[in-house]
Structure formats: C-alpha cells, structure tokens
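UniProt numbering puts the first residue of the sequence shown at 1, with every later residue one more than the last. Cβ atoms here follow ideal geometry from the backbone N, Cα and C, with glycine treated the same way. None of the values given here were measured: they were computed from a predicted structure. Report on the structure given below.
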Amino acid sequence: MQNNAPFIIYDAAAGSGKTFTLVKEYLTLLLKSNKPHYYQQLLALTFTNKAVAEMKQRIIENLEELAKKSSLTKVPDMLLAIAQETGIDIKVLHEQAKKALKHILHNYAAFTVETIDSFNHRIIRTFARDLKLPTNFEVVLDTEALLTEAVDRLISKTGIDEAITKVLIDYTLEKADDDKSWDISKDIFKASKLLNNENDEPHIAKLKDKNLKDFGNFKTTLQKARLKTENEITNKANALLEMLHGYGIDQSHFSGGYFYKHFDKLATGDFNVSFGTKWQDNIVDKPLYAISKSKNFPEIAATLDSIAPQLNDAFLETKDLVFRLSLIQNILKNLTPLSVINLVNNEVNAIKEEQSLVPISQFNRLIREEIKGQPAPFIYERLGEKYQHFFIDEFQDTSVMQWENMIPLIDNSLSQAVEKNDGSLLLVGDVKQSIYRWRGGNPEQFLNMIQGATSFSGAIPHVENLPRNWRSRKNIIEFNNDFFTFASQYLSNESHASLYVTGNQQETNKNGNGYVQLSFVSKGNKEEKDIDYGEKTLETINKLQENGYDLKDICVLTRSKKDGIALSSFLMESGIDVISSETLLLQHSPLVKCVFNVLTLSQNSQNIESGLMVLDFLHEHLNIQEEKHTFFTSYTNAASSFSEILNNHGITFNLEFLNEVSLYEAAEYIVSALNLTEKADAYLYGFMDVIFEYTQQPLADTSGFMDLWENKKEKAAISIGDDTNGVQFMTVHKSKGLEFPIVIFPYADVNLYYEREAKTWLPIPNGLETEFDEAFINFNADVANYSEAGQIIYNDRRSTLELDNYNILYVTLTRAVEQLYIFTEEVSSMKDGVKTFNHLFKEFLLSKGMFDESKSLYEFGTFQKKEIAKKQSTDVIAKSPAYISSLPAEHNLHIITSQATLWNEALSKAILQGNLFHDTMELIKHKGDEIDVFEIMESRKTVAPEILELLKKTVNEVMSHPDLKHLFNNNAIVENERDIITKDGFLLRPDRLNFNHSKKEVSIIDYKTGIPDYAHEDQINGYAIALIDMGFKISEKILVYTNDAIIVNKV
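Here it is as structure tokens:
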C-alpha cells in the first residue's frame, strides 16, 4: 500500500471513488505478491450483499481487463495506477493478472469478499459445538417476526401463569385509564426490540437477574414516591399562597399574574406547568411585579421585594419536585413493557431451541462472549483459512461490538506486519455518511481513528483523503462545498463542526456544469404541504420530461416513508409512473389479495369481508354478467355458500378441499380453479414463492401462514430491472451508496432535533430507593432537569441528533449527478435559533446575499436539457412467463422412482410403509413425541389418510410393547440415526441408541420389515463391536420387526 504503512484509512467523501480505490489496493497486493493464490489471504468486508456483488464484479472485471493482450498496448487506468504505485513492469502485472484470474475462477469459494454478517456466520458455524448450537442451525434474518411470535406466546399464557396474568391485566387497565388502545402487544413488542439492539445490550444485561417481583417492588416504590412528591408540591404551593394572602398579596399584584397562577395550579394538583418562560428566567434579576404599576401599591411592592428570596427558593424547590414527579411518571410509563422483557427473551430462546434458530442480530454478541478471547491462530486453524490483509468498506457504519470482535484477528496480522512486513489493514469510510446509528453504527468510533486513535499496539493509522468528486457535476459539488462548510458553524460539537469544514473541500471534475435549484413552498398544515410539494414535484418532472429526461432518470428522496407514500400517490393520480417500495409490495396485487382472501375463507368460511373482496375481484376478472349487487346478495344473505355461488356461475370450486391438501397445493388450486393463470404476474409468482418458502418449515399450515403474512406483507416485494421507466421513490437510508442523474428532495424541512418515540437509559437519581441501576424512559427536554447525568445525556443526545441529521442531509444532497432540486418550507421566524433544514437553507442564502423575501426559487448554475447519446432503443417489453402449476391434475405426469417395484404393488406398499416408519421413528425419542410428529404429517397432507392411520397404529404398538416401552421414557438419553465411524473407517448408522452414561452402557435398536434374517443379527452385532471399541458396554441388542404383528428379537 502507499507509504508501506500497515494501517491506512481512506477518508472518502461522497463520490470520491472509494470503490475504485479499494479495488486498486486489493489488486495491488494481489499482483505484487507474485502468487496467484494470494487472494486467499485477503479478506474484504462490507455491509450489504449488493456492495459485495459490486466489489467482486469490479475486481473480476479489472482482472479480465488487465489479463487481455490489448492491455499492453492500450494500458487501462487501473493497470497504470498499480504499475506507478508498485514500480512493477506492466508486462509482469499483465501475466500476474492472467494467473490470478484463472486461480480465482477455479477456486471461487476462496475469493473472500463478503459481508461482516457472512464472515461472522462462518465463525459461528465453525464454533457451533463450542457455543452449544445445533450444527444445522438456521439463521433468522427477520428478527422482528421471531419477536412477534415470542410476544404472542407470552400473552397466550394469560390465565395460565398467575404472575404474568396480573402484570398484563394491570397494564391493560393502565392504558385504558390513559384513553389508549387496550392492545398491549405493540408496547411489549417495542420494548422487546431492545433485545436485538446492540446499543441497548449493556443496559439489558443489567436486567437479566430481575424478575417480575423485582419490577413489582420497583413499581410500588415509584407509586409511593409519586404520591409523596405530589403532596410535597401541593403543600409547598399552598403554604406560599397562604403567606402571600397573609401579606394581602393576590394575583393582580404580579406582572401578568404569572407567578401567582403558576403556584395556584400547583396548589390544586395540576402539575402540568411549563418552565423556561421569560418571567422564570428573570425571577432573580427582576421584580415579580410590573414596576410601572407598583406606584399603585408601594407597600405591597416593598413586601414583595423583601420576600423575593423566599419566593425564589419556593419556585426552585417546587421546580425540582415537579421534575422529580415527571421522572417518576416517565419511569412508570415504560416499566411494565420492560418488566416482561426477560420473559419475552425466555420465549425467544425456547423458539430458537425448538426450531434450531440463531437470529442474525445475535452474531456479534455470540462472538464477543465465546470466541473473541481465543488466540487468533486458533480461530484461523478452526476456520481453515488465514488472512494477512484486511479491507473494511463503509467503516463508519461498523458497530462497536463488530469492530471489537475483529480486533484480535487484525491485531495478529498487524503485529506480523511490523515483524515481517506481511500484514495490513485498510479502512474506507466517511463519517458524514453515517446514517445507521439506530442499528449500531457508531460514527464517533471512525472519527476518533481519523484523529489518531488506534486499537493496535505499534500501528498508528495513516489517514489519506480522496480529494476529487467523480460523481456530481461542478455546480452541485460547489453548492455542497459552500453549503455544508457554512452550516458547520451551527453544530454544537467542535469535532463535528470541524468534520464538515475539512470534509467539504472537494475538487470538481470535467463532467459538465450541472444545476441546483432551491425552492421554498408556502407554510401550511400537513395536508396543504403534501399538495404544495406534490405540485412542485409534478411541475419539475414535467419540465424534465419536456427536455429529454426519462422518468427512470429521476429519483425522489424523502426523509420518511410516510412522506414518500403521500407524494408518490399524488404523482400516480396525475398520471406519472412511479417505482417505490410501496408500489412493489406483493400485498397490493389484486391477484395476491384474491388468493390470500380465499385462504382466509378456508380457515373461517363465515368471514364475510374476505368473501366479498374475492367476489368483487372475480366479478370483473371473470366478466360475470350478473349485476354486481345481485351477485353479492345471495352471499351476504347467507342464502348460498361461497363455493355454491361460484359453482352457480360455472366455476367449479370446493372450499373444503383447501383443508385436505398442503398449503402450497391449496394456493395452486385457487390459482387454477379461479382462472388466475392467464393474468399471473411477478406479484403472484412472488407470493407463491413466499408460500413455498414457508411450507419448508416444520408445522407449516394455513393458519400459521396467515400470521406470517401479517408480519411480512409490509416488506415482501418484487424486484424489477433497471430499465423500468418510472420515477424512483426511496427513503434517504435506502439511497446510501447510489447515484441518480436527477435528485428531487421535497419535505426538506426536517427538525434537527426531532426523534420519533425517542427513549433513553438514565441512571437512577438519589432519593429513589431501588435495586435497579437504571431506568428506561422517554427522551424529551425534561431529561436535562432530572439529574446531572440527565443533563449530560440530554446534551450528548442533542449533539448526536445534530450530526445524524446533518449526515442525512449530506447523503441526500450528494446523490445527484446532473441536477439537484431541493424543495423546502418558507421560514417566518428563527427566534429560537437554527433548528431545521429550511432554517439552514435560509441562513445560507442570507450569507451569500441572495435571499429576497419576494423570491421563492434560487438557482445555482443553468438548467440544461439532457445530453442524448446515440444509442439503440432500450425499451423493455415486460412479459410474465406462463404460469406452470405443479398440481397433478394439470399435467397428468406420474413419476416412477424404482423399476423393481413397478410390477409388485404389494411390495411397493410395504417398502413405502417401511420407509415411512423409519422416518417417523427417527423423530421420536420419548413418549409424547409421536403426537407432535403426527400433527405435522396431518398439517402437511403428505401422507394418505389410510396409510397415516396404519402408521400411527404401528408406532403406538412399538412404543407400548412390553419389551420396548422402557426405552421411550422421558428420562431416556437417545440418539436416532447417529453416524458411527469404525476404527477401519467404515460408516455405521443404527436406528436408535439408548445410553446409560453413569454405567457406560448402551442399548441398540434396529427396525426391520419382512421376515427375521441372520444378516440382520450380523448387522446389529457389527454396531455392538464398534460401540465396544468406543468403550461402551452393550446392555441390549434388539431387532424390531414391523409386520402384521410386532416381533421383538433380542440378539
């Protein structure tokens, strides 16, 4: 790497070519090594699968380019850069590229460019046994669905568990008293999300030993403290008012009556008083009465002057008490959902164990707790790979725990770099683009490194800047340089302010001039603003289209999803094609709605709403001539069932059949019977994929899918190609790392300090006697007055909110290549200082002498038409493939899997039943397991009913047999179908082993069909020899024959 420094940081501002730099540094190390396999010692990590795919593609494409013979005559920029940096001849690099490319393509699995989660997954898989995880564990990506299931399971225990019942009922009543929804599941779910949040993990850890009784005691303490504080406030307020009355002083003697009214409210038990008003700020320095009127009551004025210190003391004392009361009420509001968090976690752990799941959100924690302490060579040995060089992209989004888990591996590499000059670390990122703090990203961590902090002994980071913006055009770059440098003065943290000064000196490129428009719309309420922003956006899009731009060139970015939905709806109503996460959701497809509603009906045929929605769709879809209202009437009047109505109109349909087949077959039957195949589109295919994926899980049934879909429908969406012509809509967070020819940013009036449903952890202040160290509370301005710690937390949070929102604005304004449009709300007053984006924009215009009250539109550069390059038409005609059903009735195909059984139906049936019996017994260890196994079989409809009944009979006879039933008791230690490797290397697999570890004994059981045979005895004796070689004594060797009658042979 440059300067041969082992630890390099590239501080890469937006559009500065960080991917090019990463690829260049990667290829430099690979090619100068003179080892084609050296890529196996390089590990490149980033955050998304899309970024991984892009980096891999760029590395391979560059190697392909360098490996071409033409690269020797027409030298690519990448090859030239590597040659200049390494001093190696271009011909040598060309040959190295050919060899490296061939090696990578033949050993692609060893080409380790991956996400941090993927790397962590490999480590956890390797150490699964050490972590006491099942070796076949499944990674849960949708952690919210797991939490929802856990919360539902907890609430279902109401009426069963007395303690849980009391807590949940009390909380329901509390919500009802506050005129809020009785549904407590949402509140518990929100609190439970703390379990998946790395930022909250240290705080949650302090609650692990707390039970419901502890929380109940804390609640009682708080309720007593609340009553005591309320009494103190009213007593002090009444005492002060009585003193005033004793001096003949009333409300009229105070300036505006404010002081008197303040204490009068407190005396009556109304504690909803405000602080920070003008008279309160001046209470020490100015008299409480109006000086101009004091000549009318000079004696009263003199009395007020004499007792002013007492009045001030009373004000301050009651102020402290009011904020103490506010804290108590704040804790109580959040206490009950928090109190059950351990119980939810217990349910999560139970689900994880039952289904062999590991949530992706727990990867970092597992590694930190169990693996991080292991020496790096040991971890590498277990992984089977050793990395010398590390590349981490988007480092500003790396969480503290992710980084701490990587340090031992990287430290090992860097220590070797010092000794052998063979190890390095390259970090690439931009603090200004850190917008994922809510999911663990910690920009301060990267900021500290840029300023010289290091986690490694002997390796100080060498920081380099990428000076030029290669993405945006000149006027956009200069606007952002000027604007953010100016805006930096309003950041309260000096490090943050310095970041926005030094980080906005980007050099321009020669790609053209570009254009920026900043427009103000009239102030108004939400509905009025939606219309104003909609009209402004529509006007801009129409102008762009008139000047040669396609809709697909335009991207509208919004801070919130809600704003994007409102604006996209406005544009669609105006005839503009829109592509957004909302328009791509499966749930919006009429075909998907139809299939889902019919499945709903199969579970509850009395669900009139679902039935009417299906009939409404089918009336148009099947072109039913009968008047719609008449078509509905017989159904709503219960004169005909759903199936009867369809059958009466020539549609053969049997609703009951849906419960006789598997879920996926049921969905296919609906598609086929209702003639949806001809209109099948990407949405329906996507929905069928969701159903199929779900049915691969154990215990999958229609009812379970209903619950799954409720949780998944807001996210399940189709993917589209880049050539689809429509205005793209996305949130700023989704746009990270992307670029667009045109960017429109409406609703650019975000409050710098707004945070939705903000919460924080506060150390318990003195005076509240409790065993708890911290409280979980709502974050608001009151927090600064709760305690000294509260003041620090409040100031720090305000500082991070400033940085986070500046970063949001920076990411938004740096996505545009050719033109940038900013639509914000006009500013009427800034008496409270600069607090919003539109305040910043107005102050910026004022500083440049551009602001004019009569103007609403400001331009930087000149609007230009699209530069049309000569190209072939790229219009894409989207065509959905024909729907292919897997229902047997659709194609009349039958698969014969074994010729030997073709001529002997009795033999075929016996083999089938024997295989089924073996598969079933593999799932059964103890008495009672068979119930769950048969429930799964019944729900999946994979076994014919008559065979299933025969199978149940056989299993029950085996488990209840006098010579066998002792093997299935609940204390039995059992291994089914466990592989045994003999000392000669042969693989054996007995059907069942029952262990008695205290006596080092084992019973061997093997299930057979057909007649007893000496070969069976030889087989079980072979198992016994292998187990004896392992040090076990054999207590029983049992052959179980499952024919018409159960035969037990003890060998």
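Going by beta carbons, Leu655 and Val690 fall outside the 9 Å limit.
Counting only runs of 3 or more residues that sit fully inside the stretch 301 to 384, the beta strand (DSSP E) segments are 357 to 359, in chain order.
Beta-bridge partners of Thr234 (DSSP): none assigned. Separation of Leu131 and Lys835 (C-alpha to C-alpha, rounded to the nearest whole angstrom) is 49 Å. Here the stretch 832 to 850 makes no contact with the stretch 759 to 774; the two share fewer than three CB pairs at distances below 8 Å. Residue environment for Met830: exposed (fewer than 16 other C-beta atoms within 10 angstroms of its C-beta). Annotated three-state conformation of Gly1022 is helix, per DSSP.
Closest in alpha carbon position to Ser399, among Tyr247, Arg439, Gly429, is Arg439. Under the DSSP definition of a beta bridge, Arg468 partners with Glu507. DSSP, read as helix, strand or coil, puts Lys759 in strand.
For the 9 Å CB-CB criterion, Asn970 and Lys999 do not form a contact. Exclusion of the five residues before and after Glu507 leaves Pro467, Arg468 as the residues of its chain whose Cβ lies within less than 6 Å of its Cβ. Here the C-alpha atom of Ile124 lies approximately 20 Å from the C-alpha atom of Asn412.
The residues Lys319, in chain order, have a CB closer than 7 Å to that of Phe275 in the same chain once the five nearest residues on each side in sequence are set aside. Checking the DSSP bridge columns, you'll see Lys1037 partnered with Ile1004. For the 9 Å CB-CB criterion, Ile1034 and Asp1006 do not form a contact. In this chain, the alpha helix (DSSP H) harbouring Lys102 covers 90 to 106.
Here Leu22 is not near Phe390, since their CB atoms are 9 Å or more apart. For Ile793, same chain residues with a beta-carbon under 7 Å away, outside a window of 5 residues either side, are Thr760, Leu762, Val783 in chain order.
Inter-segment contact for the stretch 514 to 521 and the stretch 806 to 824 is present: three or more beta-carbon pairs are separated by less than 8 Å. It is roughly 33 Å from the alpha-carbon of Lys713 to the alpha-carbon of Thr630. Assigned with DSSP and collapsed to three states, His918 falls in helix.
Taking C-beta atoms as the reference points, Leu813 and Leu752 fail to come closer than 9 Å. Collapsing the DSSP output to three states places Gly441 in a strand. Asn805 sits buried, since 16 or more C-beta atoms from the chains shown fall within 10 Å of its C-beta. Thr636 carries a helical assignment under DSSP once its states are collapsed to helix, strand and coil. For Ala191, same chain residues with a beta-carbon under 7 Å away, outside a window of 5 residues either side, are Pro337, Leu338, Ile341 in chain order. Minimum Cα-Cα distance from Glu95 among the listed residues Leu63, Val1040, Asn778 corresponds to Leu63. Every alpha helix (DSSP H) of 4 residues or more that sits fully in the stretch 109 to 189 is shown, in chain order, as 116 to 126, 143 to 155, 162 to 177.
Between Phe259 and the set Ala314, Thr770, Asn711, Lys24, the nearest pair of CA atoms involves Ala314. With fewer than three CB-CB distances shorter than 8 Å, the stretch 127 to 141 does not count as touching the stretch 322 to 336.
It is roughly 39 Å from the alpha-carbon of Leu447 to the alpha-carbon of Glu149. When DSSP reads this structure, His619 sits in no beta bridge, so it has no partner. Around the beta-carbon of Ser434, 16 or more other beta-carbon atoms lie within 10 Å, marking it buried. Non-local C-beta neighbours of Met613 in its own chain, meaning closer than 6 Å and more than five positions away in sequence, comprise Asn597, ordered along the chain. The alpha carbon of Pro443 has as its nearest neighbour, out of Gly1022, Asn807, Glu369, the alpha carbon of Asn807.
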